[in-house]
Amino acid sequence: MTAVDTKQDIQHWSDWKARMPKDWLAPAREAAMARFEALGFPTTRHEEWKYTSTAPIARQSFVAPSADAKVTAADLDRYLFAEQPGALAVFVNGRFSDSLSDLSALPKGITVMSLAAALESQRDVLEPHLTKHADYREHAFCALNTALFTDGIFVHVSEGTLVERPLHVLYLTTPSDDPTAAFPRNIYIAEPNSKVRLVETYGGQNGSVYFNNAVTEFVARDNAIIDHYQVQRESTDAFQVSTRQVFQTRDSNVSSHTLAFGGRLVRNNINTLLDGENANCMFNGLSVLRGEQHVDNHLRVDHAQPHCNSWEFFKGIYDDSSRGAFCGRIIVREDAQKTDAKQSNMSLLLSRDAMIDTKPQLEILADDVKCTHGATVGQLDDEAIFYLRSRGVSVDAARSLLIYAFAGESIGQVRIAALRDKLQDLLSERLHYGESLTFGRPFEYSDDFADLVRAADRRRET
Amino acid sequence: MLEITNLHAQIGDHKILKGINLTINPGEVHSIMGPNGSGKSTLASVLAGNENFEVTEGSITFNGKDVLELAAEERAWEGIFLAFQYPVEIPGVSTSYFLKAAMNAMRKNKGLPEIEAAEFLKLVEQKSKMVALDDRLMGRAINEGFSGGEKKRNEVFQMAMMEPKLGILDETDSGLDIDALKIVANGVNKLRGPDRSFIVVTHYQRLLDYIVPDYVHVLVDGRIVKSGDKTLALELEKKGYAGIIAESGAAQPVG
Ligand SMILES: Nc1ncnc2c1ncn2[C@@H]1O[C@H](COP(=O)(O)OP(=O)(O)OP(=O)(O)O)[C@@H](O)[C@H]1O
Ligand SMILES: [Mg+2]
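Residue numbers (my numbering), protein chains in the order written: chain A, 31 to 492; chain B, 90 to 344.
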């Protein structure tokens, strides 16, 4: 049965085995490749992959992208923000581009470089963390990435350093004759009392087929803050598997936002281990899909210590025959008393053929905890549309306005004003009901995150 | 201005309006009264273009146009405004944004450019004062968390902003205390003029002390069973619907 499938799937990858870099990580890479070969790509019979078939990825054979892709600064424009944040790191087909990047504006105390360079110069910083958090033993995609990655972004924020202006990391994939695969590997290490903001954008041209299998390890030390955004604007024929593995110690705060607009088949694995008291994490997500797009958000929040808070807030807007999946597993270990874990998944279906599967999974072993979860699936409210129309707003604009409003709460969690504007622009591009909203923003967002959380809590309670 | 002839409407198989005839001339105020469930809101919704209701017979013309051919927003552009009995809450859309969107849609239809920010703000200030609506509500999501009275005043405020030719007020007085009622009625009266007509749906004669109607119609079971001047409202108050229905029992419309 599955064993046969997986063996076939992997044959495509035998060429890749020879590409395994022979660096100081070789033992881990060998082990990871062995695990990949043993695991194969998961099938939908795998509990964690029930709603997402990896067959389209498995069927396809991928080549390594060519190194001489021509990308100019103008090609980046559509991905940049109106006011470009602090620094920009650009990867083209998985490789760091020195000429397109600008890391000159970084403050003291933060080290940003390509992982390829860091593997040489930052081994002492990397060794305790790289490949140590993201589990390649049980997860095929993580194993494949671990075996094959060559580049990605390395960010190290030293103790007490506060970096307010965001770093923008842009991954561009250029069109090619044969489908290509890349294995971005990122590592973000925030030392005690430090703060950093990161925006990752993944972009590619619609129509081009490629596979980005990314793994990012986050380390948030005591009282550190990492505020992270991933904007997915892959080609609508692209595959993306993005694994984020977060490791948090006491009093740390991590937020990671998943803003999915592109991709044919996207799987986000977002895992955190809350391994110190009073660590907090927030995972916010917005998927805006159409056509045949499929996005599966798969979360695992592991409360290993007492007094930690976790908050998962995922929304999706599904048009045409797009599909969404949300699976949020919350684990509260025996010692993790006073845990406060919240989870919500709200979906808006704009077409009869759109679909969402949602599944909360709570494993609670402690007794003094607060866990709430909720899921709603709905359509645009007819009453509201009629109300708007009766005031002269056209039916198309009324629909757009309500979709905007639905997305507004997720976009409101974004704490970078220029990114919020970008997201609203992306959203209005997507509202293909003829008329878009040409002036202003339907909602003024508050920059005060705590206010928004409180407001959301109040809504849930009533 | 408005001519309703033999209007029949239903939702699913449930027949609600069973032959309404009503003519409204420019500048007139018509009050519609009637027991719960008699079809008052249905009539208002059908006039405003709610597609949940199916019109099976009859016609509506407004300033010479066949209203039934027009979408809800087109009716708004023609100058029909419905103040809802139950204004809808729309989370995530600020009232001011919505109002601007609505006003600009109307202006676009008249071939006018988008409204200037300063002009818009001035209008908001002026018209919200008219119904004593706290203009801080403009920054909040449409009707979300508004008190009952605030919602009703917000409807009249929007009507004042839109300056329709026909204002339909569906129980705008319900849930208002006496002071708010006076304020709202006053706001409506300021809008009265030779070219603007109103349909005022209410259960209470009290409102009609302030908004004095030219005609009062009694709607029972989907039909107008009696029409008269403002004294009919007083008569209703005394005799109740039962009395009126009994009197008009013989006067069921033919056909
Ligand atoms: N959306 C709907 N679905 C099913 N039935 C409806 C719907 N709207 C109205 N009705 C029915 O149509 C009839 C008339 O309702 P309508 O709201 O027009 O009454 P009304 O005269 O406005 O009453 P009230 O004084 O209580 O506001 C009622 O029997 C009501 O239940
Ligand atoms: Mg009613």
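Positions of the beta carbon are idealized from the N, C-alpha and C atoms, including for glycine.
Simplified DSSP state of residue i, which is helix, strand or coil
| i | result |
| --- | --- |
| L202 of chain A | strand |
| W54 of chain A | coil |
| T468 of chain A | Caution applies to T468 of chain A, whose pLDDT of 42 falls short of 50 and renders its modelled position unreliable; the value that the coordinates give is listed next. In the structure shown, T468 of chain A sits in coil (DSSP, three-state: anything other than H, G, I, E or B). |
| I105 of chain B | strand |
| L178 of chain A | helix |
| I255 of chain A | strand |
| D284 of chain B | coil |
| R229 of chain B | coil |
| L289 of chain A | strand |
| E324 of chain B | helix |
| D45 of chain A | helix |
| F92 of chain A | coil |
| V213 of chain B | helix |
| G332 of chain B | helix |
| S337 of chain B | helix |
| V101 of chain A | coil |
| Q454 of chain A | helix |
| G256 of chain B | strand |
| F66 of chain A | helix |
| E222 of chain A | One point to set straight first is that residue 222 of chain A is Pro, not Glu, in the sequence displayed. Residue state, collapsed to three classes: coil. |
| V193 of chain A | coil |
| R108 of chain A | helix |
| L270 of chain B | helix |
Contact under 8 Å by Cβ, residue i with residue j
| i | j | result |
| --- | --- | --- |
| N223 of chain A | G190 of chain A | yes |
| S317 of chain A | G292 of chain A | no |
| S381 of chain A | D349 of chain A | yes |
| N301 of chain A | R274 of chain A | yes |
| P115 of chain B | S316 of chain B | no |
| G138 of chain B | A161 of chain B | yes |
| L453 of chain A | V407 of chain A | no |
| D267 of chain A | S238 of chain A | yes |
| T150 of chain B | E92 of chain B | yes |
| E252 of chain B | T291 of chain B | no |
| L202 of chain A | F121 of chain A | yes |
| G306 of chain A | Y109 of chain A | no |
| T369 of chain A | K345 of chain A | no |
| Y240 of chain A | V444 of chain A | no |
| Y304 of chain B | E117 of chain B | yes |
| G282 of chain B | K104 of chain B | no |
| F179 of chain A | F126 of chain A | no |
| I288 of chain B | V307 of chain B | no |
| S96 of chain A | H42 of chain A | no |
Check: residue i C-beta below 7 Å from any heavy atom of ligand 3
| i | result |
| --- | --- |
| Q235 of chain A | Ligand 3 is not among the ligands present in this structure, which contains only ligand 1 and ligand 2. |
Extent of the continuous beta strand (DSSP E) to which residue i belongs
| i | result |
| --- | --- |
| I361 of chain A | 353-362 |
| R295 of chain B | Careful: R295 of chain B lies outside any beta strand (DSSP E), inside the alpha helix (DSSP H) at 294-299. |
| F213 of chain A | Neither: F213 of chain A is in no beta strand (DSSP E) and is coded neither H nor E. |
| D208 of chain A | Run containing D208 of chain A: none; DSSP gives neither H nor E here. |
| E308 of chain B | Residue identity check: residue 308 of chain B is Leu in the sequence provided, not Glu. Run containing L308 of chain B: 304-309, per the beta strand (DSSP E) assignment. |
| G233 of chain A | 225-234 |
| R312 of chain B | 312-317 |
| E247 of chain A | 240-250 |
| E92 of chain B | 91-100 |
| F184 of chain A | 183-187 |
Residue span of the alpha helix (DSSP H) that contains residue i, given as start and end
| i | result |
| --- | --- |
| F246 of chain B | 237-251 |
| R153 of chain A | 153-156 |
| I204 of chain B | Where I204 of chain B is concerned, there is no enclosing alpha helix (DSSP H), given that its DSSP letter is neither H nor E. |
| W341 of chain A | No alpha helix (DSSP H) holds W341 of chain A; the beta strand (DSSP E) holding it covers 339-348. |
| N198 of chain B | 184-198 |
Residue-chain proximity (residue i, chain C), Cβ-Cβ < 8 Å
| i | result |
| --- | --- |
| S151 of chain A | No chain C is present in this structure, whose protein chains are A and B. |
Inter-residue CB distance, residue i and residue j (contact presumed, cutoff 8 Å)
| i | j | result |
| --- | --- | --- |
| H328 of chain A | R353 of chain A | H328 of chain A to R353 of chain A, Cβ: 14 Å. No contact. |
| L118 of chain A | H186 of chain A | L118 of chain A to H186 of chain A, Cβ: 18 Å. No contact. |
| I179 of chain B | A414 of chain A | 5 Å |
| L200 of chain A | T246 of chain A | In fact, because the Cβ distance is near 15 Å, the residues do not count as touching under 8 Å. |
| V229 of chain A | V261 of chain A | 7 Å |
| P176 of chain B | N232 of chain B | 5 Å |
| L192 of chain A | K225 of chain A | 4 Å |
Any alpha helix (DSSP H) of 4 or more consecutive residues that is wholly inside the stretch 368-448 of chain A: 412-420, 425-441
Every unbroken alpha helix (DSSP H) inside the stretch 116-151 of chain A [4 residues or more]: 145-151
Residue ranges of each alpha helix (DSSP H) within the stretch 117-161 of chain B, 4 or longer: 129-137
Beta strand (DSSP E) segments (min. 3 residues) lying fully within the stretch 300-334 of chain A: 310-319, 324-333
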